[in-house]
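Chains as they are written, first to last, in this note's numbering: chain A, 1 to 408; chain B, 1001 to 1124.
By construction, the Cβ of each residue, glycine as well, lies at the ideal position given by its N, Cα and C atoms.
Remember, predicted model here, so these are calculated numbers, not experimental data.
Below: the structure, in C-alpha cells.
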C-alpha cells in the first residue's frame, strides 16, 4: 500500500462559489503548459459578432455587476452559443452574448472574458502549482449553485436544475449519513462559517441532524486539537454581516464579493491543517461549485444520465434534460504532502466524485447510489485491493517537507 | 519552505448593505421553510419578503439557524427528563433494601440526636 494512502485518515472538502477554471487558474498555462488554461487565440463573439479575447484583466470586486446569469437557460446559451437546433454542438461561444443580455451594454459584456493574472491569486495559483490541479473537473449540472452542491452531498440533485427548495428523495442517503450509519461507524461534519452564514443547500440536514454541523472556528479548533472527523465539508461565509465580535466579510468569492477575502479563507483552511498533527493524514480538496456564468473554454463532456429527468418546463430551454452532460469546468486542487509537486490530472471529474470517493475510501462498496455517482471517477483510490500507480495521486514514498506556507 | 504573502483586501470591501443575491434569497427561503416547522416559541418576527440586504439576510439566517439548534437541544433535554428509567426486579429489591437501610440509619441517628440534645438540655 502506498504510504500516502496508508496514512490517510481525514478527507476535507472546501467548496467555494461561482468562478470558472479559466477565470481563476487560466493564467497558469504560461507557467506549466500541461495546465489547460488560457491561450491567446481564445475568444467569444460579442452581440455584434466581433471577437472578444480572454484577457488577464479580472478585478477582485466591482467588475461583475450584475451577477452573471448562471441559471440553466443562460448556461445553455453560454455552452451552445445560442444554437437550439437538434444537431447542435457545444462550442463555448455564448458567454459574452449571455452577459450582454443582462444589461445590453456591449463594453460591459466583454468583462465576462476576463481572467486573473497569476500574481493576483497567490494562494490558489500556488496550491495549483505545488500540488495536484485537475484539468477536467466540471460542475455536475450546467446550472446554478443549489443543484450543483447537492451532487457533492448526495451524488444527485434528485432531478433539480434550479434554485428551488431541494426535497430529498429516498433512496439516496447523504454522504454524512452513509458514514455515521456505517459499520464500523465513521465520523463526519459540515462546517459552516458561522450561524449568520449557515449552510447553503442542505437545510433539510440542518433541520433533522443539527449535530452534524459545526462552525469555521470549530474546524480550526478541531484541527488544532487533532480532532478532525474522518470527513469534513467546509462552507465559506456567504454574506457581509455584523457579529457579536465585529464585522465578518463574505469570503465565498461569489461575484460581487471580494476575491481576496476568499484567498485568505482558503489559505487559513490549508494552514490549519498543515500546522496540525493531522497534516500527514489529511487530504484537502479545494473546488468551486459552478462557474458563475464566467468564461471557460473547455467543452463540458457528455456523461451517463442520472435516473431523473428535468422537464422542458423546469429547464426553461424548451428541452428536457436527462443529466447527461456536465456543467462548465471549475477550479479543483487536491492538497496533501504525499502529492507530487506539479501534478496535473486529465481524468474527468464532477461533484458526484466527492461522495463517490469518500464512500469508497471509508465505507467500501455501497448501495444504493445514484447512477451519476456510480459512474463518477474517484480522486483518491480506495485503500484496499490493488492500487494502480497511474491513478494514485498520493503517490510519494516519503512525505514532502517543502510545502509552502502562507502568512495568514 | 517558502512563505507566501497573502495581500489584505481594502477595508471598504465590507458592505452589509449590499443587495441580497439570488443565492442568499434562496437560502432565506429554505430557512423560512425550516422555521415554519419549528415550535411556535422558536419562530421569529422577521418578514422575509422585506429582507433586502446581506446584513438583513444574515440576521434572519442566524436567528433561524440558532433556533433550530436550540429546539433540538430542548427536545433532547426533555427526552432525558421524561424518559422513565424502568427498573428490573433485582433493582427494585435493591432499592427496597437501601430504603430499609436508610430508615435504620436515620432512626439510629435520631435516637443519638435525642440523647445529645437531652444532654445539652440538661447542661442548660
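What is the rounded straight-line gap between the Cα of residue i and the Cα of residue j?
{"i": "residue 114 of chain A", "j": "residue 28 of chain A", "result": "14 Å"}
{"i": "residue 179 of chain A", "j": "residue 377 of chain A", "result": "19 Å"}
{"i": "residue 12 of chain A", "j": "residue 362 of chain A", "result": "13 Å"}
{"i": "residue 351 of chain A", "j": "residue 308 of chain A", "result": "17 Å"}
{"i": "residue 246 of chain A", "j": "residue 1051 of chain B", "result": "21 Å"}
{"i": "residue 222 of chain A", "j": "residue 338 of chain A", "result": "22 Å"}
{"i": "residue 7 of chain A", "j": "residue 380 of chain A", "result": "13 Å"}
{"i": "residue 1119 of chain B", "j": "residue 1080 of chain B", "result": "Its pLDDT being 38, under 50, residue 1119 of chain B is placed unreliably by the model, and the measurement read from it follows with that caveat. When rounded, the distance between both Cα atoms is 49 Å."}
{"i": "residue 249 of chain A", "j": "residue 1013 of chain B", "result": "8 Å"}
{"i": "residue 402 of chain A", "j": "residue 280 of chain A", "result": "13 Å"}
{"i": "residue 198 of chain A", "j": "residue 1057 of chain B", "result": "11 Å"}
{"i": "residue 371 of chain A", "j": "residue 172 of chain A", "result": "10 Å"}
{"i": "residue 1041 of chain B", "j": "residue 193 of chain A", "result": "26 Å"}
{"i": "residue 210 of chain A", "j": "residue 130 of chain A", "result": "36 Å"}
{"i": "residue 1067 of chain B", "j": "residue 1045 of chain B", "result": "13 Å"}
{"i": "residue 188 of chain A", "j": "residue 1053 of chain B", "result": "33 Å"}
{"i": "residue 1117 of chain B", "j": "residue 1076 of chain B", "result": "Note that residue 1117 of chain B scores 42 on pLDDT, short of 50, meaning its location in the model is unreliable and no value can be drawn from it."}
{"i": "residue 332 of chain A", "j": "residue 106 of chain A", "result": "31 Å"}
{"i": "residue 94 of chain A", "j": "residue 1061 of chain B", "result": "36 Å"}
{"i": "residue 108 of chain A", "j": "residue 56 of chain A", "result": "15 Å"}
{"i": "residue 153 of chain A", "j": "residue 87 of chain A", "result": "34 Å"}
{"i": "residue 19 of chain A", "j": "residue 26 of chain A", "result": "11 Å"}
{"i": "residue 276 of chain A", "j": "residue 1 of chain A", "result": "24 Å"}
{"i": "residue 186 of chain A", "j": "residue 4 of chain A", "result": "20 Å"}
At 8 Å on the CB atoms, spell out the chain B contacts of residue i, in chain order.
{"i": "residue 206 of chain A", "result": "1034, 1065 and 1068"}
{"i": "residue 404 of chain A", "result": "1001, 1002, 1003 and 1004"}
{"i": "residue 261 of chain A", "result": "1009 and 1013"}
{"i": "residue 407 of chain A", "result": "1003, 1004, 1005 and 1006"}
{"i": "residue 254 of chain A", "result": "1021 and 1023"}
{"i": "residue 380 of chain A", "result": "Within chain B, no residue comes near residue 380 of chain A; the closest Cβ sits about 25 Å away, beyond 8 Å."}
{"i": "residue 210 of chain A", "result": "1068, 1069 and 1072"}
Identify every residue that forms a DSSP beta bridge with residue i.
{"i": "residue 347 of chain A", "result": "Paired residue(s): none; residue 347 of chain A is not in a bridge."}
{"i": "residue 51 of chain A", "result": "A:45"}
{"i": "residue 325 of chain A", "result": "A:302"}
{"i": "residue 243 of chain A", "result": "A:246"}
{"i": "residue 232 of chain A", "result": "A:12 and A:189"}
{"i": "residue 1007 of chain B", "result": "DSSP lists no partner for residue 1007 of chain B."}
{"i": "residue 1053 of chain B", "result": "B:1019"}
{"i": "residue 283 of chain A", "result": "A:11"}
{"i": "residue 405 of chain A", "result": "B:1003"}
{"i": "residue 215 of chain A", "result": "A:192"}
{"i": "residue 21 of chain A", "result": "The partner list for residue 21 of chain A (beta bridge, DSSP) is empty, contrary to what the question assumes."}
{"i": "residue 132 of chain A", "result": "A:334 and A:343"}
{"i": "residue 310 of chain A", "result": "A:321"}
{"i": "residue 288 of chain A", "result": "A:16"}
{"i": "residue 138 of chain A", "result": "A:329"}
{"i": "residue 270 of chain A", "result": "According to DSSP, residue 270 of chain A bridges with nothing at all."}
Nearest by alpha-carbon distance to residue i: which of the options is it?
{"i": "residue 196 of chain A", "options": "B:1024, B:1042 and B:1036", "result": "B:1024"}
{"i": "residue 145 of chain A", "options": "A:373, A:327, A:375 and A:384", "result": "A:327"}
{"i": "residue 117 of chain A", "options": "A:95, A:132 and A:39", "result": "A:39"}
{"i": "residue 21 of chain A", "options": "A:125, A:119 and A:83", "result": "A:125"}
{"i": "residue 1070 of chain B", "options": "B:1019, B:1007, B:1035 and B:1013", "result": "B:1035"}
{"i": "residue 218 of chain A", "options": "A:160, A:374 and A:233", "result": "A:233"}
{"i": "residue 77 of chain A", "options": "A:242, A:128, A:90 and A:137", "result": "A:90"}
{"i": "residue 1015 of chain B", "options": "A:282, A:62 and A:318", "result": "A:62"}
{"i": "residue 162 of chain A", "options": "A:2, A:395, A:317 and A:387", "result": "A:317"}
{"i": "residue 305 of chain A", "options": "A:294, A:347, A:322 and A:299", "result": "A:322"}
{"i": "residue 253 of chain A", "options": "A:241, A:365, A:237 and A:128", "result": "A:237"}
{"i": "residue 296 of chain A", "options": "A:2, A:257, A:241 and A:43", "result": "A:43"}
{"i": "residue 60 of chain A", "options": "A:2, A:397, A:127 and A:261", "result": "A:261"}
Using a C-beta to C-beta distance shorter than 9 Å, which residues of chain A count as neighbours of residue i?
{"i": "residue 1040 of chain B", "result": "Under the 9 Å cutoff, chain A gives no residues; its nearest Cβ is about 16 Å from residue 1040 of chain B."}
{"i": "residue 1061 of chain B", "result": "195, 196, 197, 198, 238, 239 and 241"}
{"i": "residue 1037 of chain B", "result": "207"}
Kindly list, in the order they appear in chain A, the residues whose Cβ is closer than 7 Å to that of residue i.
{"i": "residue 1030 of chain B", "result": "165 and 203"}
{"i": "residue 1054 of chain B", "result": "239, 240 and 241"}
{"i": "residue 1057 of chain B", "result": "239"}
{"i": "residue 1018 of chain B", "result": "240"}
Note down, in chain order, every chain A residue with its Cβ under 8 Å from the Cβ of residue i.
{"i": "residue 1079 of chain B", "result": "The contacting residues do not exist; residue 1079 of chain B stays about 14 Å from chain A at best."}
Below 7 Å on C-beta distance, what does residue i contact in chain B?
{"i": "residue 200 of chain A", "result": "1027"}
{"i": "residue 61 of chain A", "result": "1013"}
{"i": "residue 264 of chain A", "result": "1006"}
{"i": "residue 249 of chain A", "result": "1013 and 1014"}
{"i": "residue 153 of chain A", "result": "The premise fails here: residue 153 of chain A is roughly 14 Å from chain B at the closest Cβ pair, so nothing lies under 7 Å."}
{"i": "residue 427 of chain A", "result": "Any answer about residue 427 of chain A is impossible in this case: the structure gives chain A only from 1 up to 408."}
Taking residue i as the query, report the chain B residues whose CB atoms sit under 9 Å from its CB, ordered along the chain.
{"i": "residue 258 of chain A", "result": "1009, 1010, 1013 and 1014"}
{"i": "residue 126 of chain A", "result": "1002 and 1004"}
{"i": "residue 312 of chain A", "result": "Going along chain B, no residue has its Cβ under 9 Å from residue 312 of chain A, so there is no contact; the nearest lies around 22 Å."}
Self-check item: Residue ranges of each alpha helix (DSSP H) within the stretch 353-379 of chain A, 4 or longer
Solution: Scanning the stretch 353-379 of chain A for uninterrupted alpha helix (DSSP H) segments of 4 residues or longer gives 353-362 and 371-375, listed from N- to C-terminal end.
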